[in-house]
Amino acid sequence: MAELEFSNLSKSFDGLPALQDINAQIASGEFVALLGPSGCGKTTLLRLTAGFEQPTSGQINLGGNTVAGPNSFVPPEEREIGIVFQSYALWPHKSVFGNVAYPLEVRRVPRAEREARVKEALALTGLSAFGDRMPSQLSGGQRQRVALARCLVFDPRAVLLDEPLANLDLALRASMHEVFSMFHRRTQATMLYVTHDQSEALALADRVAVMEAGKIRQFAAPEVLYREPVDCFVAGFVGDGAVVSAEITGRSENKNLILKVLGQEVQSRSATAEPSHVSIRPEAITLSSDAPLRAKVISCTYLGGRFRLTLDVAGETLIAFSEHRASIGESVGVTLHDLWAFRDPDA
Ligand code: ADP
Ligand code: MG
1 MAELEFSNLS
11 KSFDGLPALQ
21 DINAQIASGE
31 FVALLGPSGC
41 GKTTLLRLTA
51 GFEQPTSGQI
61 NLGGNTVAGP
71 NSFVPPEERE
81 IGIVFQSYAL
91 WPHKSVFGNV
101 AYPLEVRRVP
111 RAEREARVKE
121 ALALTGLSAF
131 GDRMPSQLSG
141 GQRQRVALAR
151 CLVFDPRAVL
161 LDEPLANLDL
171 ALRASMHEVF
181 SMFHRRTQAT
191 MLYVTHDQSE
201 ALALADRVAV
211 MEAGKIRQFA
221 APEVLYREPV
231 DCFVAGFVGD
241 GAVVSAEITG
251 RSENKNLILK
261 VLGQEVQSRS
271 ATAEPSHVSI
281 RPEAITLSSD
291 APLRAKVISC
301 TYLGGRFRLT
311 LDVAGETLIA
321 FSEHRASIGE
331 SVGVTLHDLW
341 AFRDPDA
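Residue numbers (UniProt numbering): 1 to 347.
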């Protein structure tokens with residue numbers, strides 16, 4: 001049974017839809033990322049889940065109970081949900097220990113048990129030495145650990161995180177990924193993690209819901225989003241590469257489609273019989289000097305171990321990897337293989 005379930009969930013503000021007909025099921029212990037550009041409705045979905053907003057229509061179930069629906073509304077404090085914001089939202093006048101103890105005080109947990117659980121939560125987030133510090137004496141990464149410890153301490157049904165790393169610099173973000181992964185492994189909590197950063201979503205989540213304009217476009221494991229996007233938006237938003245139009249010219253014996261892509265016939269996999277576009281990932285491109293499809297090298301960056309090339313092929317920009325350095329402006333031959341094709345709803 002799903003731990004968290006959205007059924008036909010919609011939310012409008014002043015008649016303007018922020019979420020439209022969201023349907024999704026999240027299993028107990030799953031780490032799910034909500035990924036999409038600014039304004040697509042990610043925070044609204046979290047706020048509905050937490051109980052800070054009421055849906056315009058539809059229903060939310062949490063742990064088998066309806067917490068929001070046409071005839072019911074469970075207030076936030078009764079949902080047993082932990083929340084971590086971008087802004088940390090720590091009590092400035094309470095110590096680290098006091099901040100983490102707060103949810104237990106509210107729940108009237110006896111002092112001895114409270115102290116033991118706070119110590120455990122601080123140890124788990126690497127904060128054992130910081131219990132007496134005030135939030136103002138901590139770095140951004142440490143503050144976000146306090147916010148995590150404060151969630152962890154009351155053993156919530158689900159933890160909601162709204163762009164928790166947006167205020168941290170790049171190096172710290174990478175090390176915080178480890179902290180979140182470890183937190184998830186240790187607590188087995190159901191996690192809903194909002195981000196507009198695709199690399200963060202792909203790195204952390206078991207499954208990613210890609211959102212655009214108030215809708216979920218695709219909800220799948222990171223490798224499925226990357227390999228088998230359902231439309232141009234997902235293909236363009238997740239992962240490197242290009243999206244180009246394709247024309248069906250036939251079918252091969254193993255029922256794969258033969259598509260004309262950039263003037264070349266290429267075998268393609270697809271979930272639909274009438275695809276309109278293909279996603280061309282770097283892995284789908286082989287470079288050779290004599291291939292008839294010609295590309296012009298726009299840029300060449302050394303990644304360590306290999307080079308990343310930006311190529312212009314008939315006005316389309318493709319990304320390819322190469323063992324060898326290429327010069328800007330050089331002409332190289334491109335072979336495409338095993339493309340993924342889909343039908344774009346707007347095509
Ligand atoms: P995201 O978190 O993906 O950036 P939001 O959920 O914050 O997006 O916002 C989705 C849409 O709903 C936006 O168009 C935003 O302006 C609108 N919106 C969000 N909250 C409110 C509110 N309290 N009042 C009016 N409009 C809102
Ligand atoms: Mg937001």
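All C-beta atoms in this analysis are idealised placements derived from N, C-alpha and C, irrespective of residue type, glycine included. Here the structure is a predicted model, which is why all the values come from computation and not from measurement.
For residue i and residue j, what's the separation of their Cα atoms in angstroms?
{"i": "L104", "j": "N65", "result": "23 angstroms"}
{"i": "L134", "j": "Q20", "result": "Contrary to the premise, residue 134 reads as Met rather than Leu in this sequence. One C-alpha to the other measures close to 42 angstroms."}
{"i": "S128", "j": "N99", "result": "14 angstroms"}
{"i": "Q142", "j": "A284", "result": "42 angstroms"}
{"i": "D344", "j": "L257", "result": "16 angstroms"}
{"i": "S268", "j": "A341", "result": "6 angstroms"}
{"i": "S7", "j": "N61", "result": "8 angstroms"}
{"i": "S279", "j": "E253", "result": "22 angstroms"}
{"i": "V109", "j": "T187", "result": "20 angstroms"}
{"i": "L168", "j": "F180", "result": "14 angstroms"}
{"i": "G39", "j": "G305", "result": "38 angstroms"}
{"i": "I22", "j": "K215", "result": "6 angstroms"}
{"i": "T286", "j": "A171", "result": "33 angstroms"}
{"i": "G63", "j": "F183", "result": "21 angstroms"}
{"i": "S322", "j": "H93", "result": "55 angstroms"}
{"i": "Q137", "j": "A121", "result": "19 angstroms"}
{"i": "R160", "j": "E78", "result": "Here residue 160 turns out to be Leu, not Arg, going by the sequence shown. Distance between the alpha carbons of L160 and E78: 15 angstroms."}
{"i": "L259", "j": "V266", "result": "5 angstroms"}
{"i": "V243", "j": "L339", "result": "11 angstroms"}
{"i": "D14", "j": "P292", "result": "56 angstroms"}
{"i": "L303", "j": "D231", "result": "29 angstroms"}
{"i": "S270", "j": "H337", "result": "13 angstroms"}
Pop quiz: residue i and residue j are said to be a contact at Cβ under 8 angstroms. What is the actual Cβ separation, rounded to whole angstroms?
{"i": "P282", "j": "G236", "result": "The Cβ separation is near 14 angstroms, so there is no contact."}
{"i": "L202", "j": "P222", "result": "4 angstroms"}
{"i": "G250", "j": "R294", "result": "Contact flag wrong, Cβ pair sits at about 24 angstroms."}
{"i": "V118", "j": "V153", "result": "6 angstroms"}
{"i": "residue 348", "j": "R150", "result": "This structure does not reach residue 348, given that the chain is present from 1 up to 347, and the question cannot be answered."}
{"i": "E30", "j": "D206", "result": "5 angstroms"}
Got a sec? Which residues, its chain only, sit under 8 angstroms from residue i by beta carbon, not counting five neighbours each side?
{"i": "V234", "result": "V210, R217, Q218, L225"}
{"i": "Q198", "result": "L35, F237, V238, G239"}
{"i": "D162", "result": "K42, T43, L46, I83, V84, F85, Q86, V194"}
{"i": "D290", "result": "G333"}
{"i": "F73", "result": "G51, Q54, V67"}
{"i": "G58", "result": "F6, S7, N8, L9, S10, D21, I22, G69"}
{"i": "E274", "result": "I248, R343"}
{"i": "T125", "result": "R145, V146, L148, A149, L152, V179, F183"}
{"i": "T317", "result": "A242, I298, T310, L311"}
Please return the same chain residues whose Cβ sits closer than 7 angstroms to the Cβ of residue i, not counting the five positions on each side in sequence.
{"i": "residue 355", "result": "Residue 355 falls outside the range modelled here, since the chain spans only 1 to 347, and no answer is possible."}
{"i": "K11", "result": "A18, L19, T44, L48, E53, P55, T56"}
{"i": "L90", "result": "N99, P135, R143, V146, A147"}
{"i": "A24", "result": "F6, A209, I216, F219"}
{"i": "P75", "result": "G51"}
{"i": "T301", "result": "F307, R308"}
{"i": "M176", "result": "G141, Q144, L165, L168"}
{"i": "R325", "result": "C300, F307"}
{"i": "G131", "result": "S95, V96, F97, L122"}
Tell me the residue span of the beta strand (DSSP E) that contains residue i.
{"i": "P222", "result": "P222 -> not in any beta strand (DSSP E); alpha helix (DSSP H) instead, spanning 222-227."}
{"i": "F154", "result": "Premise fails: F154 is in no beta strand (DSSP E) and is neither H nor E."}
{"i": "Q59", "result": "57-62"}
{"i": "Q20", "result": "16-27"}
{"i": "I81", "result": "81-85"}
{"i": "G69", "result": "65-69"}
{"i": "L9", "result": "2-13"}
{"i": "G333", "result": "331-336"}
{"i": "D162", "result": "158-162"}
{"i": "S327", "result": "No beta strand (DSSP E) contains S327, which DSSP labels as neither H nor E."}
{"i": "G341", "result": "In the sequence on display, residue 341 carries Ala and not Gly. 339-342 is the extent of the beta strand (DSSP E) around A341."}
{"i": "V32", "result": "31-35"}
So is the beta-carbon of residue i under 7 angstroms away from any non-hydrogen atom of ligand 4?
{"i": "T286", "result": "Ligand 4 is absent from the structure shown, which contains only ligand 1 and ligand 2."}
Quick one: give me the first and last residue of the alpha helix (DSSP H) that residue i is part of.
{"i": "T49", "result": "42-50"}
Beta-carbon within less than 6 angstroms of residue i's beta-carbon, same chain only, minus the 5 sequence neighbours each way: which residues are those?
{"i": "A314", "result": "L262"}
{"i": "S276", "result": "R343, D344, A347"}
{"i": "T272", "result": "R343"}
{"i": "L192", "result": "V32, L160"}
Could you tell me which whole alpha helix (DSSP H) segments of length 4 or greater appear in the segment 229-311? 232-237
Quick one: complete beta strand (DSSP E) runs, 3+ long, within the segment 167-219? 190-195, 207-212
In chain order, what are the residue ranges of uninterrupted alpha helix (DSSP H) at least 4 long that sit wholly in the segment 93-141? 96-106, 111-124
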